[in-house]
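Please read the structure below before turning to the comments.
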Amino acid sequence: MSSADPNSLEAQRSAALRADIRRLGDLLGATLVRQEGEELLALVERVRALTRTDGEAAARLLGETDPETAAKLVRAFSTYFHLANVTEQVHRARELGARRDAEGSILARTADRLKDADPDHLKEAVAHLGVRPVFTAHPTEAARRSVLNKLLRIAELLGHRAVGEGEKRRTDLRLAENIDLLWQTDELRVARPEPTDEARNAIYYLDELHVGAVGDVLEDLAAELDRVGVPLPAATRPLTFGTWIGGDRDGNPNVTPQVTWDVLILQHEHGITDAVELVDKLRVALSNSIRNSGATEELLASLQRDLELLPEISPRYKRLNAEEPYRLKATCIRQKLLNTRERLARNLPHQEGRDYLGTADLLADLQLIQDSLRAHRGGLIADGRLERALRTLAAFGLHLATLDVREHADAHHHALGQLFDRLGEESWRYTDMPRDYRRKLLAKELRSRRPLAPSPAPLDAAGAKTLGVFH
């Protein structure tokens, strides 16, 4: 059937897209009238009509428009394009979903192609599978999270298929409210964004990925590989994330060691908060009674140790969940996460058993729950939502993304030169040494047990800044 046929699937999708764009356009028009008056809407419609029929007349009209009105005109069109883009993304996602239903997902189709591969080679490849998307620093593209949140809400409302006149009315009201709020929100902050602001922008997307998408992808990946006889090893981390924001100091003088530290703490704050939310969902689910299922000695011993080291756990939880060791263990994990966040925020030392030194300790605690469930007829939840939680936390860790420190090699050479030259152990300056000689010197120093850089090191400002990153 030709796509020109109005009854074709493609034509129907195109018509639905245009209808939703018109719907949001009409709601935006109503917003302009409410917020700025009929005159602005009339000007928007006039400019839009002239740009299609008479470009010179449109240019003259724009040239005669006062700056304040012109600014509102620009905002009106930019808001419209935001709404149109969101609508296209919603419909694109719907089309991709329909394609997955009809043809299978990309992961499923890829797994089908792997059926005839050498099993040993495939297992080896899967065991070392690693994909690492990296967020780069582009401050000019940084949108405010307030704007992103409202556009996300509009996308959710558009994606929801309202049933009944009452629900449709409520959906249109929520859409109108968000468009009003979008109009009254500054698209960009007045102050120039700092590196930490850029980091928050990336963290917004990482938080959203943490909530659902990454868990879905990893769950589907494990299922498809299992279908072709290649289980995804528990220790494998097929998906992780990286970022340059806060660590890319190559040509950016604003990225100081303190900025890098602040961004690391910020990432941990969000990563731990996301982990707490995930563990809270597990706490709700893990109502298994020891009288109905049982638990391993390892889990019970670990729980007893946690309760001794974590006096913050409410006596109420200990009383109400006394017969629910899985839920009580999850409560202890939650408290350790809160303690970890507090430790990092206050730059305190790690306390064994009271907080997590790293992601591996968190995963080990959850692994105890998983092993016990598997041993006591809880395999479905152990290999279901708990496995999903483990893989999600392994992907993000407590830090969301690995922070890459990018620095020009000359800055490192400069700092190292000052450190070596002050020792007076070489007959020539570090900067004059050939590359091979420098490499051997550095290798020798790395094997040495002495501190090359006592604190504080006698360096100039540039050298101290570079060395400060490593401190």
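Residue 297 in my numbering sits at position 293 of the sequence shown, and the numbers go up by one each step.
The C-beta atom is built at its ideal place from N, Cα and C for all residues, glycine as well.
The structure presented is a predicted model; accordingly, all values stated were derived computationally and were not measured.
Per the coordinates, the alpha-carbon of Val232 lies some 7 angstroms from the alpha-carbon of Ala115. Rounded to the nearest whole angstrom, the C-alpha separation of Glu212 and Ser376 is 31 angstroms.
When the Cα atoms are used, Arg52 and Leu44 turn out to be separated by approximately 12 angstroms. Taking 9 angstroms as the cut-off, the Cβ atoms of Ala405 and Gly216 do not count as close.
Taking the Cα positions, Ala141 is about 23 angstroms away from His475.
Annotation for Glu273: Arg345, Leu348 and Ala349 place their beta carbon closer than 8 angstroms to its own, counting only its chain and skipping 5 residues before and after. Beta-bridge partners assigned by DSSP to Thr73: none are found. Ranked by Cα distance from Asp24, the first of His86, Ala75, Ala63 and Glu92 is Glu92. Scanning the stretch 366-415 for uninterrupted alpha helix (DSSP H) segments of 4 residues or longer gives 383-386 and 389-400, listed from N- to C-terminal end.
Secondary-structure assignment with DSSP links Thr247 through a beta bridge to Phe139 and Leu407.
Contact check for His380 against Asn292 passes: the beta carbons are separated by less than 9 angstroms. About 7 angstroms separates the beta carbon of Asp184 from that of Gln39, a gap short enough to meet the 8 angstroms contact definition. In the pairwise beta carbon analysis, the stretch 276-289 is classified as touching the stretch 329-339: at least three pairs are separated by under 8 angstroms.
The count of Cβ pairs closer than 8 angstroms, one atom from the stretch 434-444 and one from the stretch 394-410, stays below three, leaving the stretches out of contact. Secondary structure note for Ala180: its alpha helix (DSSP H) is the uninterrupted segment Glu169 to Trp187.
Ala415 has its alpha-carbon roughly 33 angstroms from the corresponding atom of Arg148. With a 10 Å radius around the Cβ and a threshold of 16 neighbouring Cβ atoms, Gly251 comes out buried. Pairing Ile269 with Thr69, the inter-Cα distance amounts to about 48 angstroms. The Cβ-Cβ distance between Leu161 and Asn182 falls below 9 angstroms.
Linking Pro257 to Pro462 through their CA atoms gives a straight-line distance of about 21 angstroms.
With fewer than 16 other beta carbons inside 10 angstroms of its own, Tyr441 counts as exposed. Beta bridge pairing from DSSP links Asp252 with Arg410. Boundaries of the alpha helix (DSSP H) around Ile269: Pro261 to Ala289. Using a 10 angstroms sphere on the CB of Ile276, the tally of other CB atoms reaches 16 or more, which defines it as buried. Here Ala413 is exposed: its Cβ has fewer than 16 other Cβ atoms, across all protein chains shown, within 10 Å.
Boundaries for Arg453: no alpha helix (DSSP H) harbours it, and the DSSP string shows neither H nor E there.
Bridge partners of Glu356 according to DSSP: Asp359.
The straight-line gap separating the alpha-carbon atoms of Glu42 and Ala386 is approximately 60 angstroms. Restricted to the stretch 56-124, the alpha helix (DSSP H) segments that are unbroken, complete and at least 4 residues in length are 59-68, 71-107 and 110-117, listed in chain order. Residue range Leu13 to Glu40 is occupied by the alpha helix (DSSP H) that includes Asp24. Rounded to whole angstroms, the Cβ separation of Arg241 and Gly134 is 7 angstroms, and the two are in contact under 8 angstroms. In this structure, the CA atom of Gly29 is about 13 angstroms from the CA atom of Trp187.
Ala466 and Leu394 have their C-alpha atoms roughly 42 angstroms apart. For the pair Ala226 and Glu14, the CB atoms are not nearer than the 9 angstroms cut-off. A direct Cα-Cα distance of roughly 41 angstroms separates Ala457 from Arg309.
Pro319 sits in a helix when the DSSP states are folded into three classes.
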